[in-house]
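So the structure is just underneath, and the comments pick up after that.
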Amino acid sequence: HIEMEDIDVQFMNRVMKVINKNIENTKLSVEMLAKEVGLSRVQLHRKIKTLTGTTPREFIRNIRLKQAANLLKSNNVAISQVSYAVGFMNPTSFSVVFKSFYGCTPSEYAEEYNRNSQA
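The numbers in the numbering used here rise by one with no breaks, and the one at position 17 of the sequence shown is 26.
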């Protein structure tokens, strides 16, 4: 059982490495991720769904959004720059997806963080 967990951790580390390496790449897809980690799309889907409770597509999106949140915390970075930096082609769709994930717009998130960090 412990060995299995180690294999899962190694697998997720490989997945994260590929995602982080390609975070700006708008062409990063489930197919590309599957190829990079050496699994079929179906195997990748099953394994990520089992380990994270999300689909590979959602998982990639969530990592991008978490990275975006980190970027928004640093300085006054333009929302469009952040959206491109995490692989979104369209800042408007980025804002919509970000809001559905965090419950506020990217600019509200940045303002709230900056207000709290100065207090």
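Heads up, the beta-carbon is just placed ideally off N, CA and C, and yes, glycines get one too.
Predicted model, so just to flag it, every value in this text is computed and none were measured.
| Check | Outcome |
| --- | --- |
| Buried or exposed for residue 16, going by 16 or more other Cβ atoms inside 10 Å? | exposed |
| In whole angstroms, what separates the C-alpha of residue 98 from that of residue 39? | 17 Å |
| Alpha helix (DSSP H) containing residue 101: first to last residue? | 100-111 |
| Between residue 35 and the rest of its own chain, which residues show a CB-CB distance below 8 Å, the 5 nearest in sequence each way excluded? | 96, 97 and 98 |
| Mind checking which residues open and close the alpha helix (DSSP H) that includes residue 126? | 115-127 |
| I'd like to check one pair, residue 107 with residue 77: are the Cβ atoms closer than 8 Å? | yes |
| Taking residue 81 and residue 122 to be in contact with their CB atoms under 8 Å, please state how far apart those CB atoms are, rounded to whole angstroms. | 7 Å |
| Would the beta-carbon of residue 68 fall within 8 Å of that of residue 59? | no |
| Among residues of its own chain, excluding the 5 on either side of residue 23, which ones have a beta-carbon nearer than 6 Å to its beta-carbon? | 46 |
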